[in-house]
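Chains as they are written, first to last, in the numbering used here: chain A, 22 to 315; chain B, 1008 to 1149.
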Amino acid sequence: MPNLRDIKQRIVSVQSTSQITRTMEMVATAKIKKAQERIESARPYAFAMMEVLQNVARYVQGASHPLLEEHPERQRIVVVTITSDRGLCGAFNSNILRITEDLVRDEAAEGVSADIIAVGKKAIGYLRYRGIEPVATYRDISDKPTFADARSIAASIIGRYGAGEIDAAYIVFNRFKNVAEQKAETYQLLPIERRVMESDEDENGLRAEYLFEPTAAEVLEHLLPTYVETLVYRALMESAASEHGARRTAMKSASDNASEMITTLTRSYNRARQAAITTEIAEIVGGAAALEEA
Amino acid sequence: MARTLLCEIVTPERIVYTNEVEMVIAPTLDGEIGVLPLHAPLVTVLRAGELRVRYNDNKDVEWFAISGGYLQVHEDKVIVLADAAEHSSRVDVERARRAKEFAEQRMAEMKDKPLAEREGIDECEADLKWCEIQLQVAERRS
């Protein structure tokens, strides 16, 4: 027979946990909205950037730029892993870390070594625990990434790619599909795929003749690094929005489980209480009967 | 009413400014250019500096600090893609001044080191430049 007081204590403990999870759920819901707005407000820049890039690319036929060149031999790659700083967000981080590890292992099988740039405390902690030292770490930016953060991450990759130290760069992050869905994804940052510079519009329209200052090739040279920076920035923001989405889902199911548990516990509490009362009555009745007989 | 062009200043983080203006004067790598309505399509690289727009029969001027970027002109629409941009009235002078001091200090520290150890010097220099421009633009407040 479970003790009445023990059950009561468990109910109280589950209740206080569910209070926390419910609050976290609400906080996450509010934060998703802000993170989404941030993605929205980055859109005009990204669109304009693509437009300029495609315009320039049309004029620089067969453009050659270090960031566009594929290296014939792969020896070393960089993987940017974007996780969160805080836990309690379901499989959000473990998906990313699994993909990163798979990627590193696959590359290693082909004799390619991988450097990891870790964003978020979760990635840093996990990798160090596995004995992998990231080449660079960034923490406390996952909640509110700024363009300067993205720029600093991109700068080292661009520099090393240009210098021929690395032969490819990937970014692993959670893409924000909708409030309830995130998808862990790998995206190739470098070399820049040429198809992004091809415009979708058809050829027949009258195209404006652009002037370039100083020259189209030089504009392109400035533009490509900035393009990589915007890709990183975008990934950081998507990850931030996804984090809140994942946390909301995780906290919602935690709250649901808690209320279910409270129902079950309350039921057994009542049963135990009933049983105790029944026993007591039986004892009294038995006692009274014994007295009468005497 | 004079003919106008639409000027849009956008950064990766937000849209800083949109307005119908009569002239955009921007700092390019080779010096300042002024863009008037009916300008030919153009793409150019901007350096860190001051950008200004004129409107209301050239009577009103607004100043912006730009940390570098790109400018595209197409059919009376000027898009400025800036890494960072701030309107003169919105510059946080106190913060810029502190950031400038910090950057100067870091620059001074790096000067004593051998060339190989000057990691991040370009970044630091860019920071410093950006602070200076912000302060400069803040002076333009009317």
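Even for Gly, the Cβ is constructed at its ideal location relative to N, Cα and C.
- Taking each of E58/A, T42/A, M45/A, E234/A in turn and checking the Cα distance to E1020/B, the smallest one comes out for E58/A.
- I302/A and I32/A have their C-alpha atoms spaced approximately 27 Å apart.
- Residue burial is scored here from C-beta neighbours: P93/A has fewer than 16 other C-beta atoms within 10 angstroms and is therefore classed as exposed.
- For the options V1085/B, L1045/B, V1144/B, I1128/B, the alpha carbon positioned closest to that of A1092/B is the one of V1144/B.
- Per DSSP, Y254/A has no beta bridge partner at all.
- E1020/B belongs to the set of residues whose beta carbon lies under 8 Å from a beta carbon in chain A.
- Closest in alpha carbon position to R79/A, among R294/A, A237/A, T284/A, I298/A, is A237/A.
- If you check the CB distance, V1085/B and Y1062/B do not come in under 8 Å.
- Using beta-carbon distances, M70/A counts as an interface residue toward chain B, with a partner under 8 Å.
- A straight-line Cα-Cα distance of about 29 Å links L25/A and A311/A.
- Taking E1139/B as the centre and dropping the five residues before and after it, the same chain places the C-beta of K1107 closer than 7 Å to its C-beta, in chain order.
- G1076/B is the residue among V1060/B, G1076/B, G1056/B whose C-alpha sits nearest the C-alpha of A69/A.
- Around A1047/B, the beta-carbon contacts reaching into chain A at under 7 Å are L232.
- At a cut-off of 8 Å, the C-beta of Y66/A has a neighbouring C-beta in chain B.
- About 19 Å separates the beta carbon of V48/A from that of T104/A, a gap too long to meet the 8 Å contact definition.
- Shown here, C110/A sits in coil according to DSSP, grouped into three states, outside any helix or strand.
- The C-beta distance from P212/A to L109/A rounds to 38 Å, too long to meet the 8 Å contact threshold.
- P246/A is the residue among Q75/A, P246/A, K143/A, E202/A whose C-alpha sits nearest the C-alpha of G183/A.
- When the Cα atoms are used, E313/A and A275/A turn out to be separated by approximately 57 Å.
- In this structure, the CA atom of A262/A is about 31 Å from the CA atom of R97/A.
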